[in-house]
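Participant: No gaps in the numbering here: position 427 of the sequence shown is 409 in this note's numbering, and each next residue is one more. No residue lacks a Cβ here, since even glycine has one placed at the ideal position from N, Cα and C.
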Amino acid sequence: MFDKDSFLRRLDELINTQDVSDVKAVYNAVSQAAMAEIYRHWKTPQRGKRCGYFSAEFLIGRAVFSNLMNLGILQETKSALAEKGLDLYALEEIEDAALGNGGLGRLAACFLECAATHAIPMDGYGLRYRYGLFKQSFENGFQKETADDWLAFGDPWSIRKEAERVKVDFADFSVYAVPYDTPVIGYKNGVVNTLRLWQSEPIEKFNFALFDGGQGEQVAKEVFQAESITAVLYPNDNGDEGKTLRLRQEYFLVSASLQSIFKRQKNRGRDESKLCEDYVFQLNDTHPVLAIPECIRLLEAEGYTFETALAICKKTFCFTNHTVLAEALEKWSGTRLRAVIPQIWTILEKIQAYAEKEGICKVDTYIVKDDTAYMANLAVYTAKKVNGVAQMHTEILKADTFRAWYTLFPEKFINVTNGITPRRWFLLNNPLMAAEITRRIGDGWETDLPQIAKIKPYIYDEKFRARFTEIKRSNKRRLAAYIERREGIRLPEHFIFDTQVKRLHEYKRQLLNALSVLYIYNGLKSGELKDFKPTAFLFGAKSAPGYYLAKAVIKFINEIARKINADSEVAALLKVVFVQNYNVSYAEKIVCASDISEQISMAGMEASGTGNMKFMLNGTVTLGTLDGANVEICEEAGQENNYIFGATAREAELVKRAYDPSKVLEKNPALKKAVDSLVDGTFTDDGTGMLKAVHESLLCGAEADRYLVLYDFDSYVKAKLSANREYGTEAFTTKCLENMANAGKFSADRSVKEYAKLIWEL
Ligand SMILES: *Cc1c(COP(=O)(O)O)cnc(C)c1O
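Written as structure tokens, this is what we have:
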């Protein structure tokens, strides 16, 4: 196990020899001392099957606290630094590694931690973006994006493996892929897996001789071109980019990863026909699906026939679908593929021809058609197993998205409901509550979350309830202080914290929440709404920079916040805050301080959600629709312990066949007033026309109110007000605790074990 004494000795030496007035120096000392010990445990075994988890995104967040915790040296490090007059939590200044957009990338990060914690041999393969997801700030209520320079504090947890670099070829140029390996540390078990992130670099570093020959410009261009591949993460969540640089990124990721895996096989004396005995590759959405033709290409280069190569792939690849949104199911034009990776285009055509010969590419199952490659179809065709990420989502895949495939290959389809790691999302972010749980039920639950159900007998224990309330209060105080510093808004800690944090997307319906806040404000002003308990509505969300309507909703909510927070008449009852730059570290502070978790997507749209699980585990009730994993949350914790509203997925589908949103407004004048405020001068959008565009999205055209914001409004407000009414009662506290006690299923420990057993056969 981890040698604490050796770590503390080295930490002491490093601290004594560095100028620790600088946070960065403290960070380096802590990480270097930890890495020195980690090396001893960090060796990939020569034998045994491994899972390669291929993902374009790993939304890791801040590594330092979680690594120290998993190594079992968090408290010792804190004390050691305190003795020197240093504060470990000063390291909160260190930037998050935001190499992902949202749920999909965060899931990958949770899976890595959980696999290591349960000694499951899984390694992550991804991209080392120079700039991760943009940093968000608000200027006059508009989202502004700036570059995320996450390397400003260095990257002390990774090591560059120069000797293991590989070459990746595009039609027009080649680049090196250089791996940076980061240890993935299991929770107090001595296991270290690897996250391998690839960085693109030019084949020829600056060759100054060429400057003499007048070719300087050409050299600079080539360096720039090579480095641009991993320069930046595409900031679209659930949306297709379809650009050449994105295609290069995807190919670069899979080519580099597979080449390095093929090399390892060679070094171990294993031939490639054994690939499926030694490896299983999990494709995290369609982003890494080019791994399939790339694997065939590499096998053909070793002398295998196309048929054999494809057969090997069919035994080695598995695929996770994350969304039913049409705009997120990737496709690539033949023109673009031929221009960038012609070697892959040829193979895609061969796969299509082969599938046709098998007689299975008929309706809706084409891999290549009309000069377009359909990546999800390729994935489902080849994958041994295809999984959705919540029960309801998997059913939609079978019945709808992949209906034709399901008819052909029913045995491929399985469900693995998402999860979160309880270490980062409970032990680390809510240490007081975690300690209280351990005091009551002992340990063991940290890595076996269903055991948290053992607190059920204490749900009605007065002291336990009081402690829960007290801890939530103190978490609110901590969050309020943080928000005051960062956003300049004061939230009284006796307020209800009603929170919606997640990416901004029309289907997630932040607009529904915004309209309800306006409705409540108007009701308080007119005196029609009585007995409303003081509430702070918290929002946090980044919009894709090119997503006009999402950015418009941000402006709208910021305008609502400005108006409400400036109105002294409601100051004792209402606050609205849209926090800037919502990310993993912000989420850690928010989820344990919230009372109400808003999970209000239109039913049928959110594949799973994982934010919902973080809140549940931290003792928060869900105000939500029967969508994604909310359904399973209700199964586990009881629908009566949450606030469920709105059309079901089936109902939503029926409603949309003949839906006239303006009819809804006619019947609901208070809602009409809130909607009208988008265009009646109540708010300004500084002449951009953004608010009018939001108004039109609700009321104009054949696709008016696609996400049933107006249709669900009434039942939403009813549920919201009933939660408000119950807050502070014994019944409400019981609901919070029932959620916490029943969160066991939503540990990603369970998810990863299901993958290992049902899909990876590890
Ligand atoms: C968990 C998480 C998400 C996913 O949230 P959903 O509500 O499931 O969409 C997105 N971003 C961050 C920073 C997260 O921590």
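On the three-pair Cβ rule with 8 Å, is the segment 87 to 98 touching the segment 239 to 254?
Facilitator: These segments do not touch.
Participant: Pairs of beta-carbons, one from the segment 264 to 271 and one from the segment 28 to 42, closer than 8 Å: are there three or more?
Facilitator: Flag = yes, the segment 264 to 271 and the segment 28 to 42 touch.
Participant: Hey, could you find the ends of the alpha helix (DSSP H) W387 is sitting in?
Facilitator: Counting along the chain, the alpha helix (DSSP H) containing W387 begins and ends at 385 to 390.
Participant: Tell me, which residues are paired with P161 by DSSP?
Facilitator: The partner list for P161 (beta bridge, DSSP) reads W180.
Participant: Since P270 and L115 are thought to touch, with beta carbons under 8 Å apart, how far apart are those beta carbons, to the nearest angstrom?
Facilitator: With 8 Å as the limit, P270 and L115 do not qualify as a contact, their Cβ atoms being about 18 Å apart.
Participant: Do T517 and D549 come within 7 Å of each other at the CB atom, strictly closer than that value?
Facilitator: Against a cut-off of 7 Å, the Cβ pair of T517 and D549 comes out as no contact.
Participant: Beta-carbon separation of A556 and I546 under 7 Å?
Facilitator: Residue identity check: residue 556 is Leu in the sequence provided, not Ala. Cβ atoms of L556 and I546: closer than 7 Å.
Participant: Among the residues of its own chain, which have a CB less than 7 Å from the CB of S315, if the five just before and after it don't count?
Facilitator: Taken in chain order, the residues that qualify are D353, T354.
Participant: How would you label T176, buried or exposed, when you count the other beta carbons within 10 angstroms and need 16 or more for buried?
Facilitator: T176 comes out buried.
Participant: What number of angstroms, rounded off, separates the C-alpha of R246 from the C-alpha of W742?
Facilitator: R246 and W742: Cα-Cα distance of roughly 20 Å.
Participant: Name the DSSP beta bridge partners of W314, please?
Facilitator: DSSP lists A355 as partners of W314.
Participant: Is the segment 358 to 373 close to the segment 59 to 66, with three or more CB pairs under 8 Å?
Facilitator: Touching, no, given that fewer than three Cβ pairs across the two stretches are closer than 8 Å.
Participant: Closest to L109 by CA distance: which of S140, D(-15), Q14 is it?
Facilitator: The option with the nearest alpha carbon to L109 is S140.
Participant: Hey, would you say the C-beta of T592 is under 6 Å away from at least one heavy atom of ligand 1?
Facilitator: Yes; taking the cut-off as 6 Å, the Cβ of T592 has a heavy atom of ligand 1 nearer than that.
Participant: When you measure from the CB of R405 to every non-hydrogen atom of ligand 1, does any distance come out below 6 Å?
Facilitator: Checking every heavy atom of ligand 1 against the Cβ of R405, none is found closer than 6 Å.
Participant: Is any heavy atom in ligand 1 found nearer than 6 Å to the beta carbon of G251?
Facilitator: No, ligand 1 has no heavy atom inside 6 Å of this Cβ.
Participant: Using only CA atoms, which one of K31, I76, W24 lies nearest to R44?
Facilitator: Of K31, I76, W24, the residue nearest in Cα terms is I76.
Participant: Can you tell me which of Y503, P439, E736 puts its alpha carbon nearest to the alpha carbon of S659?
Facilitator: Cα-wise, what sits closest to S659 is Y503.
Participant: Helix or strand or just coil, what does DSSP make of A45?
Facilitator: A45 falls in the coil class under three-state DSSP.
Participant: Given this structure, state the Cα-to-Cα distance separating N412 from N600, to the nearest angstrom.
Facilitator: Each residue's alpha carbon lies about 8 Å from the other.
Participant: Tell me, please, which residues DSSP counts as bridged to L265.
Facilitator: Paired residues: F36, F301.
Participant: Measure the beta-carbon distance from L673 to F665 and round it to whole angstroms, keeping in mind my assumption that it falls under 8 Å.
Facilitator: Right, their Cβ atoms sit about 6 Å apart.
Participant: DSSP on K149, reduced to helix/strand/coil?
Facilitator: If DSSP states are grouped into helix, strand and coil, K149 belongs with the strands.
Participant: The alpha helix (DSSP H) with D194 in it runs from where to where?
Facilitator: Per DSSP, D194 belongs to the alpha helix (DSSP H) from 190 to 194.
Participant: Starting from the N-terminal side, write out each stretch of the beta strand (DSSP E) that is 3 residues or longer and does not extend beyond the segment 219 to 272.
Facilitator: The qualifying runs are 261 to 266.
Participant: Do F299 and T364 have their CB atoms nearer than 7 Å?
Facilitator: In this structure, T364 lies closer than 7 Å to F299 by Cβ.
Participant: Within this structure, are the beta carbons of L414 and I453 separated by less than 7 Å?
Facilitator: It is a contact, given that the beta carbons lie within the stated cut-off.
Participant: Please state the DSSP three-state secondary structure of A134.
Facilitator: A134 falls in the helix class under three-state DSSP.
Participant: Secondary structure at R656, three-state DSSP: helix, strand or coil?
Facilitator: As written in the sequence, residue 656 is Ala, which differs from the Arg given in the question. Note: A656 maps to helix in three-state DSSP.
Participant: If you run the structure through DSSP and keep just helix, strand and coil, what is D(-6)?
Facilitator: Looking at D(-6) - three-state DSSP - the assignment turns out to be helix.
Participant: Exposed or buried, which one is R228 when buried takes at least 16 other CB atoms within 10 Å?
Facilitator: With 16 or more Cβ atoms within 10 Å of its Cβ, R228 is classed as buried.
Participant: Any idea if N745 is buried or exposed, counting beta-carbon neighbours within 10 angstroms, 16 or more meaning buried?
Facilitator: Because residue 745 is not part of the residues shown, which for the chain are -17 to 744, the question remains open.
Participant: Go ahead and label N122 buried or exposed: buried means 16 or more other beta carbons lie within 10 angstroms of its beta carbon, across all protein chains shown.
Facilitator: The residue is exposed, with fewer than 16 neighbouring Cβ atoms inside 10 Å.
Participant: Say yes only if the C-beta of N802 is nearer than 6 Å to one or more non-hydrogen atoms of ligand 1, and no if none qualify.
Facilitator: Absent from the structure is residue 802, since the part of the chain shown begins at -17 and ends at 744.
Participant: Taking DSSP's pairing of strands, which residues face I582 in a bridge?
Facilitator: Bridge partners of I582: none, in fact.
Participant: Just list the residues that DSSP pairs D105 with in beta bridges.
Facilitator: The partner list for D105 (beta bridge, DSSP) reads G34.
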